[in-house]
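*Asks:* In this note's numbering, the protein residues as written are 1 to 507.
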Amino acid sequence: MAGATLFTLLIVLVVYLLSIIYKEHTIRLAHGKLAAQHGCQPIASKYPLKDRIFGLDFVIENLKCSSSHCYLINSLRRFQEVGGTYTLRIFGHPMIQSIEPENVKAVFATKEKDWRLGEYRTVSFRDLLGVGIFTLDRPGWQESRAWLRPAFEKKRTADVELYERHIGHLFQQLPHDGKTVVDLQDLFLKYTMDSSTEILFGKSVDSLLPESKEDVIASGFAAAYESAKWDVFKNVQLYPFGQFRSKKAFNANVAIVNQFVDRYVKMAIDYQGSSEEADQEGGSVFMMELAKNTTDLKRIRSELLSLLLAGRDTTAALISNTFFVLARRPDILAKCYAEVATFNGGLPTLEQTKNSKYISWLLKESLRVHTIVPVNTRTAAKDTILPVGGGPDGKSPIFVAEGTQFVSSIYAIHRRKDIYGDDADDFKPERWADDTLRPKWGYLPFLGGGRICPGQGLAMTEAAYTIIRLLQLFKDIKAEDPTLEWQEDLAITCCNLHGCRVILTSA
Ligand code: HEM
Ligand SMILES: *[C@@H]1O[C@H](CO)[C@@H](O)[C@H](O)[C@H]1NC(C)=O
Numbered sequence: 001m002a003g004a005t006l007f008t009l010l011i012v013l014v015v016y017l018l019s020i021i022y023k024e025h026t027i028r029l030a031h032g033k034l035a036a037q038h039g040c041q042p043i044a045s046k047y048p049l050k051d052r053i054f055g056l057d058f059v060i061e062n063l064k065c066s067s068s069h070c071y072l073i074n075s076l077r078r079f080q081e082v083g084g085t086y087t088l089r090i091f092g093h094p095m096i097q098s099i100e101p102e103n104v105k106a107v108f109a110t111k112e113k114d115w116r117l118g119e120y121r122t123v124s125f126r127d128l129l130g131v132g133i134f135t136l137d138r139p140g141w142q143e144s145r146a147w148l149r150p151a152f153e154k155k156r157t158a159d160v161e162l163y164e165r166h167i168g169h170l171f172q173q174l175p176h177d178g179k180t181v182v183d184l185q186d187l188f189l190k191y192t193m194d195s196s197t198e199i200l201f202g203k204s205v206d207s208l209l210p211e212s213k214e215d216v217i218a219s220g221f222a223a224a225y226e227s228a229k230w231d232v233f234k235n236v237q238l239y240p241f242g243q244f245r246s247k248k249a250f251n252a253n254v255a256i257v258n259q260f261v262d263r264y265v266k267m268a269i270d271y272q273g274s275s276e277e278a279d280q281e282g283g284s285v286f287m288m289e290l291a292k293n294t295t296d297l298k299r300i301r302s303e304l305l306s307l308l309l310a311g312r313d314t315t316a317a318l319i320s321n322t323f324f325v326l327a328r329r330p331d332i333l334a335k336c337y338a339e340v341a342t343f344n345g346g347l348p349t350l351e352q353t354k355n356s357k358y359i360s361w362l363l364k365e366s367l368r369v370h371t372i373v374p375v376n377t378r379t380a381a382k383d384t385i386l387p388v389g390g391g392p393d394g395k396s397p398i399f400v401a402e403g404t405q406f407v408s409s410i411y412a413i414h415r416r417k418d419i420y421g422d423d424a425d426d427f428k429p430e431r432w433a434d435d436t437l438r439p440k441w442g443y444l445p446f447l448g449g450g451r452i453c454p455g456q457g458l459a460m461t462e463a464a465y466t467i468i469r470l471l472q473l474f475k476d477i478k479a480e481d482p483t484l485e486w487q488e489d490l491a492i493t494c495c496n497l498h499g500c501r502v503i504l505t506s507a
């Protein structure tokens, strides 16, 4: 009896093992076929791991560099030393790192259907944002993108008044005696919180107003959102271990955030069927457009919170990084003042703002040098190929197995000398005046392909308008410490570790 059982067990085991071997074999064959079809070659550059099983040395180096604010410089060094496309294994998972524009274009555009966001992003962000454009892959993502498109395409002439009101509040908070030091980065974060909440929810949290004038619920939202966001960023960095951290405070913050947003979403849903135009009634274009396509309150809330997360810190960082440079480069500042002088002290229209040539070069250069979303990644949703990185010269296509993580450093791409020339490391707005500079997939501050940042226009206009207006209000901007250099402070998006400490003199 016992012998028969043992025999059966043995048979089962053998069949199981054979099936695994067979499966591995057919996968290998399929891989081989796909690879052969496209003339793939093995990736020549392998990262020289010390721990080849878990890749711990790579992971630990990343953690160390993150905390000493040299993560971006260190990954640039790795590309320079190991190669423009290299491969390694982390905890058994294959990873491809590349700063070849052709590969980046394949992942984010021509072969984007073969790639997905990856759990580190979808899982961690869903705790705060729920299910929306920022946390969805196809097909749900396509739906979100289509729902939001009309709101981004609408002409928003009313925005000048909106920005003016918040610039007024900002001005109230700025010392302008030509002596007192102020950190603009903190204030720009409040400023974009105020403008974003008004643009998205139709109601500003007005965090720049003196405490006595603050709306208690609105300021509760701002604090709860800020704290919940940091928890999510931490979880993304620690993924998958972040899921084990205590969620008590986090959940309480999310509840406050949702309560605030839901109040306005309900209004938008109730609005449907009434014929009045949203922007005339103080609602938000974004809410109204979304409510046309869904009455799911949670979904609308998710989309709006996704927009806030994607648009607020990033726009603040752009304005702050740009002022950091202006306060150190009198040559650049003088050219900005010359352009601003053409408005004769009057308010520029949004059209004139967009047409301010030098300021637009300045912003482009700011995004190139101080890239705000400096690292981008995707996971292969199926077996696929990338156009370059294979063979001894790295010019042949490479095979990529399902589940492989692709990581690109936009920060490093933006410093390629073959694209930008020998002065790639210099901050030089004028380089954008040169029509022969066409970096295409070598310049990606807003990424590219189907998931290109839909808020690009909004962010550039808001940044340009704010800069022009502040230059009209202040006749001089000086750095507290002109020798201090910009240093990365990376948490999904990147800002300046040293903020933007300046001394202002009013006009
Ligand atoms: C200087 C400011 C900004 C920068 C540098 C920036 C950059 C980016 C980048 C690089 C992505 C792609 C991320 C990825 O796919 O992994 C992205 C996506 C996105 N951005 Fe922006 N962004 C900025 C401002 C804004 C603003 C103001 C909004 C909205 C009001 C916005 C909304 C979004 C949304 C919704 C996505 C996700 C799009 C999708 O997955 O289809 N962004 N942004
Ligand atoms: C969203 O709603 C509008 C208006 O009802 C409609 O024209 C449009 O086709 C819908 N879009 C999607 C993607 O469902």
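Ideal Cβ positions, reconstructed from N, Cα and C, are used throughout, including at glycine.
Would a C-beta distance cut-off of 7 Å place Asp264 and Phe201 closer than the cut-off?
*Replies:* In the sequence under discussion, the amino acid at residue 264 is Tyr, which differs from the Asp named in the question. Yes.
*Asks:* May I have the straight-line CA-CA distance separating Tyr191 from His166, to the nearest angstrom?
*Replies:* Distance between the alpha carbons of Tyr191 and His166 is about 7 Å.
*Asks:* Assuming Lys409 is part of the beta strand (DSSP E), what are its boundary residues?
*Replies:* Contrary to the premise, residue 409 reads as Ser rather than Lys in this sequence. Residues 405-409.
*Asks:* When the Cα atoms are used, what is the spatial distance from Lys229 to Leu490?
*Replies:* Roughly 14 Å separates the two Cα atoms.
*Asks:* Which first and last residues belong to the alpha helix (DSSP H) in which Ile452 is found?
*Replies:* From DSSP, Ile452 is part of no alpha helix (DSSP H); its letter is neither H nor E.
*Asks:* Hey, how far is the Cα of Ala464 from the Cα of Lys335?
*Replies:* Going from the Cα of Ala464 to the Cα of Lys335 covers about 14 Å.
*Asks:* List the residues that DSSP assigns as beta-bridge partners of Gln237.
*Replies:* For Gln237, which the question treats as bridged, DSSP gives no partner whatsoever.
*Asks:* Since Arg301 contacts Val261 with CB under 8 Å, what's their CB separation in whole angstroms?
*Replies:* That pair is a contact at about 5 Å.
*Asks:* Helix, strand or coil: which one does DSSP assign to Ile73?
*Replies:* Ile73: helix per DSSP, three-state reduction.
*Asks:* Between the stretch 83-98 and the stretch 404-423, are three or more C-beta pairs nearer than 8 Å?
*Replies:* The stretch 83-98 vs the stretch 404-423: in contact.
*Asks:* Run the CB neighbour count on Ala249, radius 10 Å, all protein chains shown included, and call it buried at 16 or more, exposed below.
*Replies:* Looking at its Cβ environment, which holds fewer than 16 other Cβ atoms inside 10 Å, Ala249 is exposed.
*Asks:* Going by beta carbon distance, what residues of the same chain come within less than 7 Å of Thr315, once the five residues before and after it are set aside?
*Replies:* Thr192, Ala459, Glu462, Ala463, listed in sequence order.
*Asks:* Mapping DSSP to helix, strand and coil, what is Ser124?
*Replies:* Residue state, collapsed to three classes: helix.
*Asks:* Compare the C-beta of Ala334 against all C-beta atoms of chain D and say whether one is closer than 7 Å.
*Replies:* The chain inventory of the structure shown lacks chain D, comprising one protein chain alone.
*Asks:* Looking at the structure shown, is His25 part of a helix, part of a strand, or coil, going by DSSP?
*Replies:* Of the three classes helix, strand and coil, the one that applies to His25 here is helix, per DSSP.
*Asks:* Answer yes or no: the CB of Ala380 versus the heavy atoms of ligand 1, is any distance below 6 Å?
*Replies:* Incorrect: Ala380 has no Cβ contact closer than 6 Å to ligand 1.
*Asks:* Nearest CA to the CA of Phe58: which residue from Ile467, Asn74, Ser68?
*Replies:* Looking at the Cα atoms, Asn74 is the closest of the given residues.
*Asks:* Which ranges does the alpha helix (DSSP H) cover as unbroken runs of at least 4 residues, wholly within the stretch 79-160, from first to last along the chain?
*Replies:* DSSP runs (the alpha helix (DSSP H)) wholly in the stretch 79-160: 101-105, 119-129, 140-153.
*Asks:* Does the stretch 95-115 come close enough to the stretch 377-396 that 3 or more CB-CB pairs lie under 8 Å?
*Replies:* As far as the Cβ criterion goes, the stretch 377-396 touches the stretch 95-115, which means the pair count is three or higher.
*Asks:* Kindly give me the distance between the Cβ atoms of Ala412 and Phe79, rounded to whole angstroms, as I take these residues to be in contact under 8 Å.
*Replies:* The Cβ separation is near 5 Å, so the contact holds.
*Asks:* Mind checking whether the beta-carbon of Phe324 lies closer than 6 Å to any heavy atom of ligand 1?
*Replies:* Phe324: no, Cβ never under 6 Å from ligand 1.
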